[in-house]
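Peer 1: Quick note on numbering: the working numbering labels position 35 of the sequence shown as 43, and the sequence is numbered without any gaps. Virtual Cβ for every residue (Gly too), placed ideally from N, Cα, C. Given the structure is predicted, the values throughout are model-derived calculations rather than measurements.
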Amino acid sequence: TTKAGQRIIEQMPNNKQTPKQIAEELGLIGVVKDDEVQAAAKQAVEENPKAVDDYHNGEKGALNFLMGQVMRLTKGKADPRETVKILKELLEE
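1) Where do the N-terminal and C-terminal ends of the alpha helix (DSSP H) with Thr10 fall, by residue?
2) Could you check what DSSP says for Gly69 in three-state terms: helix, strand or coil?
3) Just the C-alpha distance for Val60 and Thr10, rounded to the nearest angstrom, thanks.
4) Assess, as a yes-or-no matter, whether the segment 46 to 58 is touched by the segment 70 to 83 under the definition of 3 or more beta carbon pairs within less than 8 angstroms.
5) Given this structure, state the Cα-to-Cα distance separating Ile30 from Ile16, to the nearest angstrom.
6) Considering only C-alpha positions, which residue in the set Ala70, Val53 and Gln14 is nearest to Glu101?
7) Compute the Euclidean distance between the alpha carbons of Ala70 and Ile94, then round it to the nearest angstrom.
8) State the DSSP-derived secondary structure class of Asp61, mapped to helix, strand or coil.
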């Protein structure tokens, strides 16, 4: 993401590490496992009943809000496509 890139660039002056090494050190590389995304999505749904109601009432922004909550819980490491898929499955139960 842009923010991740900015964090790497900020660390580069006077740093002999490669950008990839800096990213790894900052925890910016890697994707969380599906079960972690599943748990985060479940937590987001349970903690935000209003967003769930809004989703069921056709408000498109509700899914984006829940997606943001999952990203927050996974520190931005969840795969967005997989996250949307998991959220939709949970919301349709």
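Peer 2: The structure says:
1) Thr10 to Gln19
2) helix
3) 29 angstroms
4) yes
5) 6 angstroms
6) Val53
7) 14 angstroms
8) helix
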